[in-house]
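Chemist: Take a look at this one; I'll ask things after.
2 protein chains.
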Amino acid sequence: VRAAMAGWARAVRGLLLDVSGVLYDSGADGGVPIAGSAEAVRRIKASGLKLRFCTNETQATRENFVKKLRGMGFDISVSEVTAPAPAACHILRERGLRPHLLVHDDLVPEFAEVDKTNPNCVVLGDAAENFTYANLNEAFRVLIGMEKPVLISLGRGRYYKETDGLKLDVGAYMKALEYACDVQAEVVGKPSKRFFESALAEMGIPPEQAIMIGDDIVNDVGGAQRCGMRALQVRTGKYRPSDENHPDVKPDAYVNNLAEAVDIILQQL
Amino acid sequence: VRAAMAGWARAVRGLLLDVSGVLYDSGADGGVPIAGSAEAVRRIKASGLKLRFCTNETQATRENFVKKLRGMGFDISVSEVTAPAPAACHILRERGLRPHLLVHDDLVPEFAEVDKTNPNCVVLGDAAENFTYANLNEAFRVLIGMEKPVLISLGRGRYYKETDGLKLDVGAYMKALEYACDVQAEVVGKPSKRFFESALAEMGIPPEQAIMIGDDIVNDVGGAQRCGMRALQVRTGKYRPSDENHPDVKPDAYVNNLAEAVDIILQQL
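Each protein sequence line maps, in turn, to chains D and B. For the first sequence, the numbering used here gives the first residue as 1, with consecutive numbering after it. For the second sequence, the numbering used here gives the first residue as 270, with consecutive numbering after it.
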C-alpha cells in the first residue's frame, strides 16, 4: 500500500471522509465507532490537512447526525459536513420544485423552508421504516400523475451495513420508481460529480490535491475518481472481498481501515 | 378497428385473455367486473373458439382466483388458467431450487409441495402488503448471501390499477432487488416467451392462429407479439392514452373493451 501511494500522496492537501462504514458502523442502537477512527480524525486535524466529511446520510438532519458522532468521540461539526439534503434544497429552490418527500422522519426538518404544497417532484431519501407499501405506492402515484415525472434521489447506494445486518439503500427504491414510471432519477449526493465538486469548493482545493476515503467502491471510490481525485477503499463497513474484482472501478489503494490510511498519508507528507 | 383486423382475424382459432383489467378491475374489495366482459366470455365459449385465461395474477391460488371470478359471473375454471406460480414450481423442481418466498400470503399454498428449507433462490411475486421494509431486506439478504444469486420473478409488471388507485407491481420490486444484488431476474409469466408458449400448447394451436387480448402494452401485447401472435390492447384497466405512443410496441388493433373485441372477432369468422 505504501508503495502504491508513494509519490502522489505527497501532493495531498485535503481529505474527504465518508462517514458510515469509515468512522462508525450504523445501527438501530445508534451504531458503534470503528476502532481507531476517532483518533485518526484528530490526527488529520492536527496535521493541518483540510478535512471534509462527505456523506450520503439521509436518516437525520446534519445537526443530529453530528451530535451522534460527537457522542461517539468524533471531533466533527455541522459546518464540516457535505450531505445530500441541503444540496437538494438548493436545487429545489433553484428550479421552483415543490417536493413530495419520501424520506426518514428525522430528515424532514432539513426541508422545513421548502414549499411542499401541490408537489411537482418526488424527493427520495433512505426512508428506512418509512419504506412501506403504502408510502411507496403514494410516491409512485404522485410521480405517474405528472406530465413529466421529476424524481430526485438522495444518493443511489445499493445497500449498507448496520449492526444487525445489510439493509437495502435508497438506490434500490429509486430503481423501483424509475422502472414503474419509466423515468430517470436525478441523483443528489455521491457519486454525483456536482456533489463532490461542492465539497472540494468548500475545502478550496482542486481534485488532484484531495483524497477520498470510503467503503463504497462505486459511490465513494468511483465517484471521486471521476472528479479527478484519488480514492482509497477501506476494508470496513460495507466493503466485501468481491469489491476487489469490480469490473469498472479500482481504488488507488486499499487500506484496512481509516487509521491505517491516515498513518500512511501522514508519513508521506 | 374492423378494417385493421379484416383478413387476419378470420384465421383465428383461439383467444388468450388477460384477466385483471380485461375481465375485471381488481381491488381491496375484491374488485368489480368490467361491463360486458362476462357476456363476452360466454360468447367466446359458444363460438367454438378455444379460450385460455393467461394471467400474471399472483395474489391468490388459482382456485381462489377462479372462485372470485365465478362469483362475479364469469364462466371460468381452474383448468383454463395459465398462471406464473405453477410455472415457477415446475422450474424449481426441474432445477433443484429451494425458494425463499416473497409473495402474497394467499399464494403460498401453490408452493406447498416445494422444499423451502435452506433456500438457494428467491421467488418474488406481487406480495402487496407483504412488501414491507423488513421482508424486502430479508429477501435481499438471502440473495446477497448466495455465491451466485438466483432471483425468480413472477411477472415484471410496472404497476396495475385497483379500485382505489394505481399500485406498484412486482416488476418494481424485482428491479430494486436486481439493482441491490447486481443480478438479473428470471421472469416467469408474461411477457416471457416460454409462458405464452405453454399457454398455446395447452390450447393446441400455433401462435398465428391465436389472439392475445390485454390491457398491458408491454407484458400482454409486446410479449404475445414476440411469440408470433396478434395482440389487441383494450382501453380498460391500466390502459393509458400515452400507451398509444409506446416507442417499441404497437398492438395489431385497439378496442374499447373486451366486449367490442369479441364483437369484431366473431363477425370476422
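From the three backbone atoms N, C-alpha and C, an ideal C-beta is built for every residue, glycine too.
List the residues of chain D whose Cβ lies closer than 9 Å to the Cβ of B/Glu455, in chain order.
Modeler: What you label residue 455 of chain B is simply residue 186 of the second sequence in a count that begins at 1. Here the premise fails: no neighbours, minimum Cβ distance about 17 Å.
Chemist: According to DSSP, is D/Leu278 part of a helix, a strand, or is it coil?
Modeler: Since the displayed chain D opens at 1 and closes at 269, residue 278 of chain D lies outside it and no answer follows.
Chemist: Is the shortest distance between the beta-carbon of D/Leu136 and the beta-carbons of chain B less than 7 Å?
Modeler: The residue labelled residue 136 of chain D in the question sits at position 136 within the first sequence. Yes, D/Leu136 counts as interfacial toward chain B.
Chemist: What residues from chain B crowd round D/Gly171, counting only those whose CB sits closer than 8 Å?
Modeler: Translated into positions along the first sequence, residue 171 of chain D becomes position 171. In chain order: Tyr448 and Ala449.
Chemist: For the candidate residues B/Ala403, B/Val419, B/Glu513 and B/Lys336, whose alpha-carbon lies nearest to that of B/Leu361?
Modeler: Locating residue 361 of chain B in the second sequence gives position 92, where the first residue counts as 1. Ranking the options by Cα distance to B/Leu361, first place goes to B/Val419.
Chemist: Does D/Tyr239 come within less than 7 Å of chain B when only Cβ atoms are used?
Modeler: The count along the first sequence starts at 1 and reaches residue 239 of chain D at position 239. False, the Cβ-Cβ gap to chain B never drops below 7 Å.
Chemist: What residue from D/Arg43, D/Pro251, D/Val103 and D/Met72 has the CA that sits closest to D/Ala60's CA?
Modeler: Within the first sequence, numbered from 1, the residue matching residue 60 of chain D stands at position 60. That would be D/Val103, whose Cα lies nearest to the Cα of D/Ala60.
Chemist: Taking all protein chains shown into account, decide if B/Gly491 is buried (16 or more other Cβ within 10 angstroms of its Cβ) or exposed.
Modeler: Along the second sequence, read from residue 1 onward, the residue named residue 491 of chain B stands at position 222. Per the 10 Å Cβ criterion, buried.
Chemist: Span of the alpha helix (DSSP H) holding B/Ile534?
Modeler: Numbered from its first residue, the second sequence carries residue 534 of chain B at position 265. Where B/Ile534 is concerned, the enclosing alpha helix (DSSP H) stretches over Leu527 to Gln537.
Chemist: Between D/Val108 and the rest of its own chain, which residues show a CB-CB distance below 7 Å, the 5 nearest in sequence each way excluded?
Modeler: In the first sequence, residue 108 of chain D corresponds to position 108, counting from 1. Contacts found: Leu101.
Chemist: Would B/Lys444 count as contacting chain D if we go by Cβ distances under 7 Å?
Modeler: In the second sequence, residue 444 of chain B corresponds to position 175, counting from 1. Yes, B/Lys444 counts as interfacial toward chain D.
Chemist: Considering only the beta carbon of each residue, do B/Val392 and B/Val411 sit closer than 7 Å?
Modeler: The count along the second sequence starts at 1 and reaches residue 392 of chain B at position 123. The count along the second sequence starts at 1 and reaches residue 411 of chain B at position 142. Going by C-beta atoms, B/Val392 is not nearer than 7 Å to B/Val411.
Chemist: What in chain B is Cβ-close to D/Tyr159, meaning under 8 Å?
Modeler: Against the first sequence, residue 159 of chain D aligns to sequence position 159. Within chain B, the residues near D/Tyr159 are Phe409, Ile413 and Ala449.
Chemist: Please check if any C-beta of chain D sits within less than 7 Å of the C-beta of B/Tyr402.
Modeler: As a first step, residue 402 of chain B is located in the second sequence; it is residue number 133 there, counting from the start. B/Tyr402 counts as touching chain D.
Chemist: Grab me the residues of D/Val81's own chain with a C-beta within less than 6 Å of its C-beta, minus the 5 sequence neighbours each way, in chain order.
Modeler: Position 81 of the first sequence holds residue 81 of chain D. Closer than 6 Å at the Cβ level, and outside the excluded window around D/Val81, lie Phe53 and Arg62.
Chemist: Quickly, what does DSSP pair B/Lys436 with across the bridge? List them, please.
Modeler: Taking the first residue of the second sequence as position 1, residue 436 of chain B is located at position 167. According to DSSP, residue pairing for B/Lys436 in a beta bridge involves B/Tyr429.
Chemist: Measure from the C-beta of B/Leu435 to each C-beta in chain D and report whether the shortest distance is under 7 Å.
Modeler: Counting from 1 along the second sequence, the entry for residue 435 of chain B is found at position 166. Chain D contact via Cβ: present.
Chemist: Taking DSSP's pairing of strands, which residues face B/Val281 in a bridge?
Modeler: Numbered from 1 along the second sequence, position 12 holds the residue referred to as residue 281 of chain B. In DSSP, B/Val281 forms no bridge with anything.
Chemist: Cα separation between D/Arg95 and D/Val187?
Modeler: For the purposes of this step, residue 95 of chain D is identified with residue 95 of the first sequence, where counting begins at 1. For the purposes of this step, residue 187 of chain D is identified with residue 187 of the first sequence, where counting begins at 1. Those two C-alpha atoms are separated by around 15 Å.
Chemist: Is D/Glu129 close to chain B, meaning its C-beta is less than 7 Å from at least one C-beta of that chain?
Modeler: By 1-based counting over the first sequence, the position of residue 129 of chain D is 129. Answer yes: the Cβ-Cβ gap between D/Glu129 and chain B drops below 7 Å somewhere.
Chemist: Is the beta carbon of B/Phe464 sitting closer than 7 Å to the one on B/Gly473?
Modeler: Start at 1 with the first residue of the second sequence, and residue 464 of chain B comes out as number 195. Start at 1 with the first residue of the second sequence, and residue 473 of chain B comes out as number 204. No, the Cβ-Cβ distance between B/Phe464 and B/Gly473 is not below 7 Å.
Chemist: If I measure Cβ to Cβ from B/Asn333 and keep anything under 8 Å in the same chain, skipping five residues before and after, which residues do I get?
Modeler: Looking up residue 333 of chain B in the second sequence gives position 64. These residues qualify, in order along the chain: Asp375.
Chemist: For the alpha helix (DSSP H) holding D/Val66, just list the boundary residues, first then last.
Modeler: Position 66 of the first sequence, counted from the start, is the residue given in the question as residue 66 of chain D. First-last of the alpha helix (DSSP H) with D/Val66: Arg62 to Gly71.
Chemist: Does DSSP put B/Phe343 in a helix, in a strand, or in coil?
Modeler: Here residue 343 of chain B refers to the residue found at position 74 of the second sequence. B/Phe343: coil per DSSP, three-state reduction.
Chemist: Only counting runs of 3 or more residues, tell me where the beta strand (DSSP E) segments fall wholly within the region 190-217 of chain D, in order along the chain.
Modeler: 210-214
Chemist: How would you write the range of the beta strand (DSSP E) that B/Arg321 sits in, first residue to last?
Modeler: Stepping through the second sequence from its first residue, residue 321 of chain B is reached at position 52. From DSSP, the beta strand (DSSP E) with B/Arg321 extends over Lys319 to Cys323.
Chemist: Please state whether the Cβ-Cβ distance between D/Leu23 and D/Pro84 is less than 7 Å.
Modeler: Position 23 of the first sequence holds residue 23 of chain D. Position 84 of the first sequence holds residue 84 of chain D. Not a contact, by the Cβ cut-off of 7 Å.
Chemist: Here's the rule: buried if 16 or more other CB atoms are within 10 angstroms of the residue's CB, otherwise exposed. What is B/Phe516?
Modeler: Sequence index remark: in the second sequence, residue 516 of chain B carries index 247 (1-based). The question names Phe, yet the displayed sequence has Pro at residue 516 of chain B. That one is exposed.
Chemist: For the pair the region 476-483 of chain B and the region 495-508 of chain B, tell me if three or more CB-CB distances fall below 8 Å.
Modeler: yes
Chemist: Thinking D/Gly214 and D/Asp18 are a contact (beta carbons under 8 Å), I'd like their distance in whole angstroms, please.
Modeler: Your numbering for residue 214 of chain D matches position 214 in the first sequence. Your numbering for residue 18 of chain D matches position 18 in the first sequence. Their Cβ separation, rounded to whole angstroms, is 4 Å, which keeps D/Gly214 and D/Asp18 in contact under 8 Å.
Chemist: Going by C-alpha distance, which of B/Asp521, B/Ala381, B/Ala273 and B/Arg282 is nearest B/Pro475?
Modeler: Taking the second sequence and counting its residues from 1, the one referred to as residue 475 of chain B is at position 206. Comparing Cα-Cα distances from B/Pro475 to each of B/Asp521, B/Ala381, B/Ala273 and B/Arg282, the minimum goes to B/Arg282.
Chemist: Among B/Ala272, B/Met443 and B/Ser348, which has the Cα closest to the Cα of B/Ala468?
Modeler: Residue numbering aside, residue 468 of chain B sits at position 199 when the second sequence is read from its first letter. Checked all of B/Ala272, B/Met443 and B/Ser348; the closest Cα to B/Ala468 is B/Ser348.
Chemist: Quick test of your reading: D/Arg2 and D/Leu266, contact by CB under 8 Å. State the CB separation rounded to the nearest angstrom.
Modeler: Translated into positions along the first sequence, residue 2 of chain D becomes position 2. Translated into positions along the first sequence, residue 266 of chain D becomes position 266. With 8 Å as the limit, D/Arg2 and D/Leu266 do not qualify as a contact, their Cβ atoms being about 12 Å apart.
Chemist: Starting from D/Asp94, trace the alpha helix (DSSP H) both ways and give me its first and last residue.
Modeler: Here the question's residue 94 of chain D lines up with position 94 in the first sequence. Contrary to the premise, residue 94 of chain D reads as Glu rather than Asp in this sequence. Start and end: Pro84 to Arg95.
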